[in-house]
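Protein chains in written order, with the working numbering: chain B, 42 to 217; chain P, 11 to 389. Note that beta-carbon positions come from the ideal geometry of N, C-alpha and C, so glycine has one too. Because the structure is a prediction, the values reported are computed rather than measured.
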Amino acid sequence: MSSSFERISERFAQLLGQTPVASRSPLPDSVVPPAPAASLDLSAPGPVQAVDHALKGYDLNVAISPRQVVLAADILDQEGFALDAITGVDWLAQGEMEIVYDYFHPLASLRVTVRARVPRAEPELPTISLVFPGANWHEREAHDFFGIRFSGHPNLAPFLLPEDADFHPLRKDYQP
Amino acid sequence: MIAQKEALPAARSSQSPQETFVLNLGPQHPAAHGVLRVLMTMDGEWITRAEPVIGYIHRMHEKMGENRTWAQFLPNTARIDYLSAMHYTHAFVGAVERAAGIEVPSRAEYVRVLTSELNRIASHLVWWGALLLDLGGFTPILYAFEDREKILDLLEELCGARLTYCYYRFGGLYNDVDDDFLNGTRRFVQEMRPRLAMYRDLVTDNIILRKRLTGIGPISAEMCRKYGATGPVIRGSGIAYDVRKVEPYSVYPQLDFKIPVYPEGDSMARYLVRMDEMEQSLRIIEQALDQLPAGPFMGKVPRVLKVPPGDTCYAVEAARGRFMVRIVSDGKDTPYRVKLRTPSFSNLSLYEEASRGMILPDALAMLGSLDLVIPDIDR
Chain B
42 MSSSFERISE
52 RFAQLLGQTP
62 VASRSPLPDS
72 VVPPAPAASL
82 DLSAPGPVQA
92 VDHALKGYDL
102 NVAISPRQVV
112 LAADILDQEG
122 FALDAITGVD
132 WLAQGEMEIV
142 YDYFHPLASL
152 RVTVRARVPR
162 AEPELPTISL
172 VFPGANWHER
182 EAHDFFGIRF
192 SGHPNLAPFL
202 LPEDADFHPL
212 RKDYQP
Chain P
11 MIAQKEALPA
21 ARSSQSPQET
31 FVLNLGPQHP
41 AAHGVLRVLM
51 TMDGEWITRA
61 EPVIGYIHRM
71 HEKMGENRTW
81 AQFLPNTARI
91 DYLSAMHYTH
101 AFVGAVERAA
111 GIEVPSRAEY
121 VRVLTSELNR
131 IASHLVWWGA
141 LLLDLGGFTP
151 ILYAFEDREK
161 ILDLLEELCG
171 ARLTYCYYRF
181 GGLYNDVDDD
191 FLNGTRRFVQ
201 EMRPRLAMYR
211 DLVTDNIILR
221 KRLTGIGPIS
231 AEMCRKYGAT
241 GPVIRGSGIA
251 YDVRKVEPYS
261 VYPQLDFKIP
271 VYPEGDSMAR
281 YLVRMDEMEQ
291 SLRIIEQALD
301 QLPAGPFMGK
311 VPRVLKVPPG
321 DTCYAVEAAR
331 GRFMVRIVSD
341 GKDTPYRVKL
351 RTPSFSNLSL
361 YEEASRGMIL
371 PDALAMLGSL
381 DLVIPDIDR
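Given below as structure tokens:
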């Protein structure tokens, strides 16, 4: 796996408090090699998880809170990722709406999936279109289909649906 | 009426250099190749803002996916991008196979690559003819469709459809290839090479084409990244991003081919990427024909397919770029959620920023160089 993978998973783990920050050797001229940083256990269930690409189609799964989506987009932007797609999944039974952000890296074989969950009754979270302008259309589409509101979005008018549409067809309780 | 007449001279006398008007392109317009509408705010012949208005052919494939079994949704995927159906069915079939752990025999994977690359050439030929039609060259599309017809005939004989193929099935193929198809494909490769050389002499090296495309509609690598543009668009901006190499699938790692990249980022770069890609596809087809193993064309698939709970992604390099399917299953025989990430959607999303300050004919040349398929945007 590329070094970019380790860097990105470490940054997310720090953001989400999953791992202690790697301790550095206090003595720069010490002859003893610095102890290896506390390695991140990405196989254990947690907010940051390594995934087998051959089984799932992505390499890193990150579960964050809705407030952190812009921070996550910032980290991935700095690491040179590109936005793949933004979509929702309606978990009617749990009363939650999941927003899935897919990212790919244009130069490395590395796919990151970032997820956030919002209550179904009040599906709102910040827009990432200021970080990735391409998110503008994806978020409009997610608003069309699920009624998820992206606060700070420049224009959440119906996009793929008719211009007077006030329904959200991919909600599981939608009745035509 | 009177109020308007009175208001008009007042607006003119302000002598604002920002005096603009709105030009409505489409949804029925020959340069839009389908029902795409672009609202253009013009300052004379210059575009200050071009806002694509989409959704005129929206069919809600993602909802249809939730209302039918995994196998019943398969034909839908062929109707998203009707010029690149093999790749789209490949992605959906691949996602379900990955999620359900279905093994695909090697022969089936080779035939998938073979037919996908034939489909890529057919798709690029349509783009080529249509782009030149936009630019005012009528003849090339007649040549392009003659060659494309040979591919469509081959694929029709193989699987019965000319455009909306449903040839790939979970675990393999609908039927095996026969000698007629294999010999016909070999003959096509031999015939296509001199045709591509002729296209280069006749069109690519033509000074009028060069002047219409060179330096027109530059898209930077950074803009591609920010908007998630893929396919020939990002490769025409100097980044060698191709799903076949970056996230290898099927038997592509066993085949030797190059990813054409041009750093200029203009419409000519995107043109040249696609022209080179056709040659590379011919190389892949030749190798797949030589290496085609004997054996079954269908793996073991349960009679009633149930996909274990969880989500799975599968991406392919379609003719227009990265197509990804994300399926979410709750363990039933129908999908819980199907997300279709289409390349044309992302590629068009950068148009508003990229077309700012261009003159109208150049903006239309650039629109053609993006190779849009409107049902692919609207889904």
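At least one CB of chain P closer than 8 Å to the CB of residue i: is that the case?
i: residue 71(B); result: Here the model assigns residue 71(B) a pLDDT of 42, short of 50, so the residue's position is not dependable and the matter cannot be decided.
i: residue 57(B); result: no
i: residue 112(B); result: no
i: residue 46(B); result: no
i: residue 168(B); result: no
i: residue 188(B); result: no
i: residue 130(B); result: yes
i: residue 79(B); result: Low confidence applies here, because residue 79(B) scores a pLDDT of 46, under 50, leaving its location unreliable; read the following figure in that light. By this cut-off, residue 79(B) is not an interface position.
i: residue 98(B); result: yes
i: residue 93(B); result: no
i: residue 125(B); result: yes
At which residues does the alpha helix (DSSP H) containing residue i begin and terminate?
i: residue 300(P); result: 277-301
i: residue 33(P); result: Per DSSP, residue 33(P) belongs to no alpha helix (DSSP H); it is in the beta strand (DSSP E), 31-35.
i: residue 243(P); result: 242-245
i: residue 98(P); result: 95-110
i: residue 201(B); result: Where residue 201(B) is concerned, there is no enclosing alpha helix (DSSP H), given that its DSSP letter is neither H nor E.
i: residue 165(P); result: 150-169
i: residue 75(P); result: 71-76
i: residue 139(P); result: 116-144
i: residue 81(P); result: 80-87
i: residue 191(B); result: Element bounds for residue 191(B): not the alpha helix (DSSP H) but the beta strand (DSSP E), 190-192.
i: residue 255(P); result: 253-256
Where does residue i land, buried or exposed, given buried means 16+ other C-beta within 10 angstroms?
i: residue 334(P); result: buried
i: residue 407(P); result: Residue 407(P) lies beyond the range of chain P shown here (11 to 389); nothing can be said about it.
i: residue 183(B); result: buried
i: residue 167(P); result: exposed
i: residue 134(B); result: exposed
i: residue 313(P); result: exposed
i: residue 99(P); result: buried
i: residue 283(P); result: buried
i: residue 152(P); result: exposed
i: residue 218(P); result: exposed
i: residue 32(P); result: exposed
i: residue 345(P); result: buried
i: residue 246(P); result: buried
i: residue 54(B); result: buried
i: residue 379(P); result: buried
i: residue 310(P); result: exposed
Quick one: is residue i near chain B, going by C-beta distance under 8 Å?
i: residue 325(P); result: yes
i: residue 251(P); result: yes
i: residue 322(P); result: yes
i: residue 361(P); result: no
i: residue 390(P); result: Outside the displayed range of chain P (11 to 389) lies residue 390(P), so it cannot be described from this structure.
i: residue 31(P); result: no
i: residue 286(P); result: no
i: residue 72(P); result: yes
i: residue 384(P); result: no
i: residue 243(P); result: no
i: residue 300(P); result: no
i: residue 235(P); result: yes
i: residue 100(P); result: no
i: residue 68(P); result: yes
i: residue 116(P); result: no
Name the two residues that bound the continuous beta strand (DSSP E) containing residue i.
i: residue 387(P); result: Counting along the chain, residue 387(P) falls outside any beta strand (DSSP E), though it belongs to the alpha helix (DSSP H) covering 384-388.
i: residue 322(P); result: 320-328
i: residue 196(P); result: Residue 196(P) -> not in any beta strand (DSSP E); alpha helix (DSSP H) instead, spanning 189-209.
i: residue 358(P); result: No beta strand (DSSP E) holds residue 358(P); the alpha helix (DSSP H) holding it covers 353-359.
Helix or strand or just coil, what does DSSP make of residue i?
i: residue 171(B); result: coil
i: residue 227(P); result: coil
i: residue 47(P); result: strand
i: residue 390(P); result: Past the edges of chain P, shown from 11 to 389, lies residue 390(P), and the structure says nothing about it.
i: residue 278(B); result: The question about residue 278(B) has no answer, for chain B in this structure spans 42 to 217.
i: residue 208(B); result: coil
i: residue 339(P); result: strand
i: residue 236(P); result: helix
i: residue 220(P); result: helix
i: residue 180(P); result: coil
i: residue 52(B); result: helix
i: residue 213(P); result: helix
i: residue 58(B); result: coil
i: residue 162(B); result: coil
Report the residue ranges of all beta strand (DSSP E) runs contained in full by the segment 77-157 of chain B; include only those spanning at least 3 residues, in chain order.
Segments of the beta strand (DSSP E) lying fully in the segment 77-157 of chain B: 89-91, 101-105, 123-132 and 137-145.
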